Amino acid sequence: MALLQIAEPGESSAPHEHKLAAGIDLGTTNSLVASVRSGQAATLPDESGNHILPSVVRYTADEVIVGEKARDAAVSDPLNTIASAKRLIGRAVSDIKSLGENLPYNFADVDSAVPRIQTAAGDVSPVEVSAEILKVLARRAEHTLGGDLVGVVITVPAYFDDAQRQATKDAATIAGLNVFRLLNEPTAAAVAYGLDHDADGVHAIYDLGGGTFDISILRLNKGVFEVMATGGDSALGGDDFDQVVAEWMMAQAGIAGDADRGMLRGLSAKARAAKEALAEQESVQLDIDLPQGGSWQGVLTRDQFNELVDPLIRRTVSACRRALRDAGVTKEEIRDVVMVGGSTRTLRVREKVGEFFGTTPLTDIDPDRVVAIGAAIQADVLAGNKPDGEMLLLDVNPLSLGIETMGGLVEKIIPRNTTIPVARAQEFTTFKDGQSAMAVHVLQGERELVSDCRSLARFELRGIPPMVAGAARIRVTFSVDADGLLHVEAEEQSQGVKASVEVKPSYGLTDNEIAGMLKSSIEHAGEDMAARKLAEQKVEAARVIEALTAALQSDGDDLLNADERATVDQALAELQQLAEQSQDDKQLKAGIEALEATCGFYVERRMNSGIRKAMAGHKVEDFE
Amino acid sequence: MFDFSKNYFDLFGLPVAFLLDSGALAERYREVQKVVHPDRYANAPESQQRQALQQATQVNEAYETLRDPLKRAQYLLQLNGVDINQETATTRDAAFLMRQMELREALAQVTGQTDPLASLDELMAEIGGLIKAQIAQLAVQFESGTAEQLEAARESVSKMQFLNKLHSEAEALEAELEEAI
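Encoded structure:
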């Protein structure tokens, strides 16, 4: 007889029906995991009590280190320590060059579309780096919650395109996670903020992270979150602030641009520290060791700093203006501007955003945790834990979807900021007599030219019956489901010939490569298993201890004599000690069983007394 | 629970009319989505999930259609059996065509003005006013509902298409000018 069953009759005796789900904020600089427990969403700390996991992974010849320890090695071991992998995920080598990313890694010179970074552990892709971070967070959640996660919600910048989203999903696959959905970061923040503040009305969420910027305009009404527009820049963030400050320092100190990587990393760190200090003080003293020996001293004032970052902030304000226009609302209609993301700690950002919206932005929520908490709330809904809940999220597709037409132009079929799920069709025709096939090229982006948009998929409709040019009617239907996945179908109208494709944008990694990465990841999973089993037993022990303590409090004095009470108390204390110290799941399990055996008589007595009290109106099965 | 077999107005429990209470529409939309949205069926069998997806898609389409005056007018014409072939949409109203050309020229000249944004603002306000006037006309035309009035509504719809296109071009230019600042 399990101790759990001594719960009072009528109380919920099936806590296991709650499915374990988590929300993960996979950030450029920092990552977090959160979960809903007993109706409350909260971020989960690691064993040392840290909620934030730096998104840094260090590869050595024999181990992979994630988080703070990896970050600490960024300066001493820059080549093997990968930070800000999010800026690279889902991008091709050519994209990274065109973005002008200045990253201190050695990219492997391989014939691959995916950037691979050379490390002591071999070449790694940004997807694998992200998978390592996800693994650590998922393991943390499973240890804390005491069981396997049925699924997770991972947040991504609203402005991530489909390739970046697919790459993020692939990272989760490699980490062995089931992804319920990718949720846009500002939407996640809005969920956490809105539910907390019961704030009906139109809100702007300004989310400036380490490497990405998003703006979302949402309407909240009685638990329904309607995203009206979303926009941003998936390559703009606090890292860029550090970069301009570092460049300024180099110019001031006369350090050449080709300084060694450790030096550049060090400068970035100094720039970041200066930025953070300027949130508190008017100026900051700088002291930089020069590569040729000696050092340079100088001062960075807040005014100088503002001048450096203003062009970057201006880009974010342009995106705000665009989002307002797309949403069809004026600045005056915005009830609150909510600031999210670590980079909104920079005072100049608050100042400029406040100036634009004509209102003081809200900075009272923890900008680091709010995204993970929102993701956890949505994960709880998608796990099916809230079938009758009030909350509903109506999201939009962030970027326009269309197909290539004559002359390398893009015809938009679903414009950006359309509420999903959505299906839209358009008719096209042939341009040659007797044309029997038509190529469908699916694109994503706002620009007119095919070459400026991202190619998502290509397929062919064959078997078009011979007709004169312009006579055939080919209906192309785009459908985007609630997860944001795109399905495209082309159908010839007279004979009903069809062709379709599930758009799974490729960014370079093939399914085989993903499968290979997954396999090697599973091979390393053995060591994780033991830790998980122990964690599960610890949770079980805690549950038993809690149940027994509660039982003793309610009727221990009535049902037990002094000797019996002492026996039970001692058994309880033994298990408590074991739960704290044991490193062996089997030992702990035996301990739990021993306690249950010792206290069996008490459980039985409670049952009898409970049954006497509560028999009326209950069937016997209720107590079994 | 909701009737998807009839028209979009019935789906939201609203009277079939051009004039509509946009607050009530938004509220009904949210109520319906709360019931049919796929997120409500996370643990349901696949057939129910598929149905939820279809219904939620339809509800979004219905809401998009009814909330935009031009789409709403086109939809009402369609319900009334009036052919609206968008490619051949024209108007024979010479005065309107003239006005339209003037506006187009004014838009082309905005960038040469001393304060382009201010001139553009003025122009957009004017276009906005003309759109409102068409909406008012449509309300009267659909209210009457006779064959002639519906034909007039078809012409109003064509005019509104011109105006809407012009307005979105003006918006694009506004965005361009603002970015350049």
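Note that the protein sequences, when read in sequence, are chains E and F. Take 447 as the starting number for the first sequence in my numbering and just add one per residue. Take 4 as the starting number for the second sequence in my numbering and just add one per residue. The beta carbon of each residue, even a glycine, is placed where N, CA and C say it ideally should be. If you're wondering where the values come from, they're calculated on a predicted model, not measured in any experiment.
Please list, in chain order, the chain F residues whose beta carbon lies closer than 8 Å to that of residue i.
i             : result
residue 865/E : 63, 66 and 67
At the level of alpha carbons, what is the spacing between residue i and residue j?
i             : j             : result
residue 628/E : residue 670/E : 18 Å
residue 797/E : residue 477/E : 27 Å
residue 731/E : residue 749/E : 14 Å
residue 646/E : residue 863/E : 21 Å
residue 643/E : residue 668/E : 12 Å
residue 73/F  : residue 930/E : 27 Å
residue 890/E : residue 947/E : 15 Å
residue 39/F  : residue 480/E : 28 Å
residue 121/F : residue 127/F : 10 Å
residue 928/E : residue 604/E : 15 Å
residue 80/F  : residue 144/F : 11 Å
residue 615/E : residue 472/E : 11 Å
residue 686/E : residue 607/E : 20 Å
residue 53/F  : residue 100/F : 48 Å
residue 105/F : residue 112/F : 11 Å
residue 637/E : residue 824/E : 8 Å
residue 68/F  : residue 75/F  : 5 Å
residue 98/F  : residue 162/F : 12 Å
Name, in chain order, the residues that DSSP records as bridge partners for residue i.
i             : result
residue 742/E : 734/E
residue 678/E : 660/E
residue 504/E : 511/E and 527/E
residue 944/E : 937/E
residue 652/E : 661/E and 785/E
residue 860/E : 847/E
residue 625/E : 598/E
residue 886/E : 905/E
residue 486/E : 483/E
Taking Cβ positions only, does residue i come closer than 8 Å to chain F?
i             : result
residue 868/E : yes
residue 670/E : yes
residue 828/E : yes
residue 843/E : no
residue 462/E : With a pLDDT of 46 at residue 462/E, under the threshold of 50, the modelled position of that residue is not reliable, and the figure given next carries that caveat. Not an interface residue.
residue 764/E : yes
residue 928/E : yes
residue 453/E : The predicted model places residue 453/E with a pLDDT of 40, which falls under 50 and marks its position as unreliable; any figure quoted below should be read in that light. Answer no: the Cβ-Cβ gap between residue 453/E and chain F never drops below 8 Å.
residue 456/E : Per-residue confidence for residue 456/E stands at a pLDDT of 38, beneath the threshold of 50, marking its modelled position as unreliable; no derived number is given.
When you compare the CB of residue i with every CB in chain E, is at least one pair closer than 8 Å?
i             : result
residue 7/F   : no
residue 56/F  : yes
residue 86/F  : no
residue 167/F : no
residue 181/F : yes
residue 121/F : no
residue 45/F  : yes
Closest to residue i by CA distance: which of the options is it?
i              : options                         : result
residue 677/E  : 752/E, 767/E and 759/E          : 767/E
residue 735/E  : 935/E, 583/E, 724/E and 705/E   : 705/E
residue 849/E  : 567/E, 894/E, 621/E and 635/E   : 894/E
residue 878/E  : 852/E, 569/E and 986/E          : 852/E
residue 725/E  : 794/E, 1013/E, 1028/E and 935/E : 794/E
residue 634/E  : 987/E, 826/E and 566/E          : 826/E
residue 1049/E : 831/E, 1000/E and 880/E         : 1000/E
residue 940/E  : 982/E, 529/E, 910/E and 980/E   : 910/E
residue 576/E  : 618/E, 584/E and 552/E          : 618/E
residue 755/E  : 777/E, 778/E, 808/E and 717/E   : 717/E
residue 887/E  : 857/E, 961/E, 624/E and 1030/E  : 857/E
residue 1031/E : 506/E, 762/E and 979/E          : 979/E
residue 134/F  : 150/F, 109/F and 160/F          : 160/F
residue 961/E  : 771/E, 1020/E and 621/E         : 621/E
residue 561/E  : 532/E, 583/E and 580/E          : 532/E
residue 781/E  : 542/E, 648/E and 989/E          : 648/E
residue 535/E  : 469/E, 570/E, 511/E and 519/E   : 570/E
Kindly list, in the order they appear in chain E, the residues whose Cβ is closer than 8 Å to that of residue i.
i            : result
residue 60/F : 867, 868, 869 and 925
residue 40/F : 838, 840 and 928
List the residues of chain F that residue i touches, going by C-beta distances under 9 Å, in chain order.
i             : result
residue 771/E : 174, 177 and 178
residue 667/E : 29, 30 and 33
Which chain E residues are close to residue i, counting only those with a beta carbon under 7 Å from its beta carbon?
i            : result
residue 37/F : 670 and 838
Anything in chain F within Cβ reach of residue i, meaning under 7 Å, just list it in chain order.
i             : result
residue 768/E : 178
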